[in-house]
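Our numbering numbers the first residue of the sequence shown as 517 and each following residue consecutively. The next block holds one structure in the form of C-alpha cells; read it before the comments.
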Amino acid sequence: MMREVFLANAYADKGLVTEALQALIDKAAEVGGQVRFGPGNYETATLYMKSGVSLYLDAGARIIGTADYTAYSNDYPYLNNPDLNEVTGKPRWHDALINCGYLKDISIEGHGLIDGADVINPEGEQEFRGPMMLMIHHCENVSIKGVTLLRAANYATFFDTCTNVYLENVRAYGGQDALRLFRTKNVEVSHCDFRTGDDCVSGSLNADVYLHDTLFNSPGGNIVLLGCRNLHMKKCKVWSQGEAPAVFKDDKRYSNGWNAIIMLHDIGQPEYLMSDNWLIEDVEVENVETVFRYDSELFFGNGNNGKVTLKNVKAKNFVFPITVNGAAYNEFEMTIEGGHFIRSTLDKREDKAFLRAKNFKKIAVRDVVLENVDDEAFFFENGGEVEVKDAAILRKVSSISVDNIEKSSVENSPVETMGNFFVYGDVDSIYVPKEQDESFLGARKYIG
C-alpha cells in the first residue's frame, strides 16, 4: 500500500523537537501516512501516535527520550486500569516516550533506534524507573518490525488490552522488560533478540501467543514469566548470565538468572483467562536456576491449573530442571517428550532431582536424557498419574558400560553425550514418599 510520506529529516540534531514531530504525526493521521526519520538524533518527550500512522526509521535514525522525566505524560483515558494514581486519577507509572491509546492499524518499522536513555524518575516505579518506551493500550493491529529498542527506562513495550500484535526482527537491549503483555490476544513474536535488564516477556491474562525463532537473555529476572491461554514457544534460545545488567535504585547490578520459563495465573480473575495449553518445543536453555516452573503458591495462584508440553527441549548448566507445585484442585498436567537436560556440576546444593512435582493430575516423561541428576531423579507427591518411559540417566564416572544401557535409550541419545558416562534406568530413580501413598492414589507408575 502506498502511503503519503512526511519527512522528519529537518528536525534531526536540532535538540528537543517534540512539537514538530507531533505535528508530523498529526498530519500523517489525516491521510493514513508515514512519518519517516532519516539519519540523525531526534530528541523528544512524549509523542502520541494516531490510528493509521506508520513511523519509519532509516538506518542511522535515532529517536531519543529527553532526560527530563517531568516532560513525559499520559493524557489518554485508560479504561479498566488496575493501577491509578490516587491524586491525579491517571495511570501510575504509565508515562511513555511513545504513547498509543485506543488506536487501530499502527506500525513502527525500519532499521533505526528508539533510545529510552535510561531516564531516571525518583517518583517512578521502584523509585527509579522512568517512562515506558512504547505504551500501547486498547489498540488493534499493531506491527513493530526491524527497529532496535535501546535503554528503555521501564518496559520497552507494554501492551494492555490489545488485539493482533506482531513483532518481527526487533532487538531490545538493556532497560527493563522487553515485552509486557496484559489482557492481550493474538500475539506473534518472530526472529527477535531480547537482551534485557529484567524479564524478557512478562504479564498475565493473555491468549494466543506465539514466540518463535527468538533469542531471550536476562541477568536477574525471569526470562519468560507469563500468564497465557494457548502459548506456543518454538525454536527459541533462552539463556542467562545477562548481557545487559539488571540495575536497581542502589545501583546494584546482577548478571545471574533465575527461572527460564514460568507459567502463572492471576488471583481473582475469570477462569477463562487462566493459563492453559502450552507447547514449548525445540527450545534451548542455558545458565538458569530453573528451566520450567509452575508454582501456584509463589506466582499468583488460583485458577484451574493447565496443561503444558515440553518437547525436544535441550537445557544445560541449570540447578533445577522442572519444578511443579500445583493448586489444591490437582488439575495440572505436564508431558515432557524428548529432550536432553544436563544439570550444572558447579552448584553444590544437594537436591539434584530432575523433576519435583506435587499436587498434579498427570505427569508423563518420555524419551529424555538426563545428566548429573541425583539418585532420586523424580520426586512425586500428592498426584494422580505418573508415566516415565525411556529415561536415560547419565552420571559422570571413569568409564562407560554398555551392558546397562537400554537399547531404546541409546538409540534416542545423541552419540556425543555418551563419552565418560554411565547409563542406567533403575526403578529406584522414581521416589514416592511412603507417607504420601494414600493421598498420592498409589502414584501409578509405568516404567518403560
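Ideal Cβ placement from N, Cα and C applies to all residues, glycine included. Fair warning: this is a prediction, and the values are worked out from it, not measured in the lab.
DSSP three-state assignment for residue i, whether helix, strand or coil
{"i": "Tyr-585", "result": "helix"}
{"i": "Val-569", "result": "coil"}
{"i": "Leu-563", "result": "strand"}
{"i": "Leu-665", "result": "strand"}
{"i": "Ala-633", "result": "coil"}
{"i": "Tyr-940", "result": "Because Tyr-940 sits at a pLDDT of 35, beneath the cut-off of 50, its placement in the model cannot be relied upon, and the point is left open."}
{"i": "Ala-672", "result": "coil"}
{"i": "Leu-721", "result": "strand"}
{"i": "Gln-550", "result": "strand"}
{"i": "Glu-897", "result": "strand"}
{"i": "Glu-813", "result": "coil"}
{"i": "Ala-776", "result": "strand"}
{"i": "Ala-694", "result": "coil"}
{"i": "Val-918", "result": "Because the pLDDT of Val-918 is 29, which lies under 50, any placement of that residue in the model is unreliable, and the question is left without a value."}
{"i": "Glu-887", "result": "strand"}
{"i": "Glu-847", "result": "coil"}
{"i": "Glu-520", "result": "coil"}
{"i": "Ala-760", "result": "coil"}
{"i": "Ala-526", "result": "helix"}
{"i": "Glu-639", "result": "coil"}
Span of the beta strand (DSSP E), counted from its first residue to its last, around residue i
{"i": "Thr-679", "result": "679–684"}
{"i": "Ile-541", "result": "Ile-541 -> not in any beta strand (DSSP E); alpha helix (DSSP H) instead, spanning 534–547."}
{"i": "Arg-865", "result": "Segment: none, Arg-865 is in no beta strand (DSSP E) and carries neither H nor E."}
{"i": "Gly-625", "result": "Note that residue 625 corresponds to Glu in the displayed sequence, not to Gly. Taken as a continuous stretch (DSSP letters only), the beta strand (DSSP E) holding Glu-625 covers 620–626."}
{"i": "Cys-744", "result": "740–750"}
{"i": "His-653", "result": "648–653"}
{"i": "Arg-645", "result": "Element bounds for Arg-645: n/a, residue is neither H nor E."}
{"i": "Asn-615", "result": "612–617"}
{"i": "Val-799", "result": "Careful: Val-799 lies outside any beta strand (DSSP E) and carries neither H nor E."}
{"i": "His-856", "result": "856–859"}
{"i": "Val-824", "result": "823–827"}
{"i": "Ala-575", "result": "Note, Ala-575: premise wrong, no beta strand (DSSP E); not H, not E."}
Rounded separation between residue i and residue j - CA only
{"i": "Leu-871", "j": "Cys-752", "result": "22 Å"}
{"i": "Ser-860", "j": "Gly-743", "result": "28 Å"}
{"i": "Lys-877", "j": "Asn-888", "result": "27 Å"}
{"i": "Glu-559", "j": "Ala-612", "result": "14 Å"}
{"i": "Glu-802", "j": "His-653", "result": "33 Å"}
{"i": "Asp-811", "j": "Asp-574", "result": "45 Å"}
{"i": "Gly-556", "j": "His-627", "result": "13 Å"}
{"i": "Tyr-671", "j": "Asp-883", "result": "39 Å"}
{"i": "Ile-630", "j": "Val-881", "result": "44 Å"}
{"i": "Val-835", "j": "Gly-531", "result": "49 Å"}
{"i": "Ile-622", "j": "Val-705", "result": "16 Å"}
{"i": "Phe-553", "j": "Asp-792", "result": "42 Å"}
{"i": "Cys-678", "j": "Ala-908", "result": "44 Å"}
{"i": "Ser-589", "j": "Thr-562", "result": "6 Å"}
{"i": "Trp-774", "j": "Leu-789", "result": "26 Å"}
{"i": "Val-824", "j": "Lys-543", "result": "48 Å"}
{"i": "Asn-615", "j": "Lys-566", "result": "9 Å"}
{"i": "Asn-738", "j": "Phe-522", "result": "41 Å"}
{"i": "Gln-538", "j": "Phe-644", "result": "27 Å"}
{"i": "Ala-669", "j": "Met-648", "result": "6 Å"}
{"i": "Gln-550", "j": "Leu-540", "result": "9 Å"}
{"i": "Thr-730", "j": "Lys-701", "result": "19 Å"}
{"i": "Gly-617", "j": "Leu-780", "result": "27 Å"}
{"i": "Val-926", "j": "Leu-814", "result": "For Val-926, the predicted model reports a pLDDT of 29, less than 50, meaning its position is unreliable; a value from the coordinates is still stated below. Straight-line Cα distance between these residues: approximately 38 Å."}
{"i": "Met-749", "j": "Thr-586", "result": "39 Å"}
{"i": "Ile-879", "j": "Glu-849", "result": "6 Å"}
{"i": "Arg-809", "j": "Leu-886", "result": "18 Å"}
{"i": "Asp-867", "j": "Ala-893", "result": "9 Å"}
Identity of the residue in the options nearest residue i by Cα
{"i": "Ala-831", "options": "Leu-814, Asn-841, Gly-842, Ile-796", "result": "Ile-796"}
{"i": "Asn-846", "options": "Glu-897, Ala-869, Asp-867", "result": "Glu-897"}
{"i": "Phe-857", "options": "Gly-628, Val-829, Arg-882", "result": "Val-829"}
{"i": "Val-725", "options": "Leu-697, Asp-709, Pro-735", "result": "Leu-697"}
{"i": "Asp-676", "options": "Gln-692, Gly-691, Val-658", "result": "Val-658"}
{"i": "Gly-822", "options": "Ile-777, Ala-843, Pro-837", "result": "Ala-843"}
{"i": "Glu-805", "options": "Met-565, Gly-855, Leu-862, Met-790", "result": "Leu-862"}
{"i": "Ala-760", "options": "Leu-650, Tyr-682, Leu-537, Asp-715", "result": "Asp-715"}
{"i": "Gly-581", "options": "Leu-650, Glu-520, Val-547", "result": "Leu-650"}
{"i": "Ala-528", "options": "Gly-576, Met-565, Ile-614", "result": "Gly-576"}
{"i": "Asn-722", "options": "Ala-873, Asn-746, Thr-851, Asn-733", "result": "Asn-746"}
{"i": "Val-740", "options": "Gly-617, Phe-522, Ala-536, Ala-776", "result": "Ala-776"}
{"i": "Gly-713", "options": "Val-703, Gly-719, Leu-727, Phe-732", "result": "Phe-732"}
{"i": "Ile-838", "options": "Arg-865, Asp-798, Phe-895, Trp-794", "result": "Phe-895"}
{"i": "Thr-534", "options": "Glu-546, Val-547, Asp-584", "result": "Asp-584"}
{"i": "Ser-734", "options": "Ser-718, Gly-719, Gln-757", "result": "Gln-757"}
Checklist entry - So does the stretch 634–649 actually touch the stretch 564–575, counting three or more Cβ pairs closer than 8 Å? => result no
Item to check | Stretch pair the stretch 653–665 + the stretch 680–699: three plus CB contacts closer than 8 Å | outcome: yes
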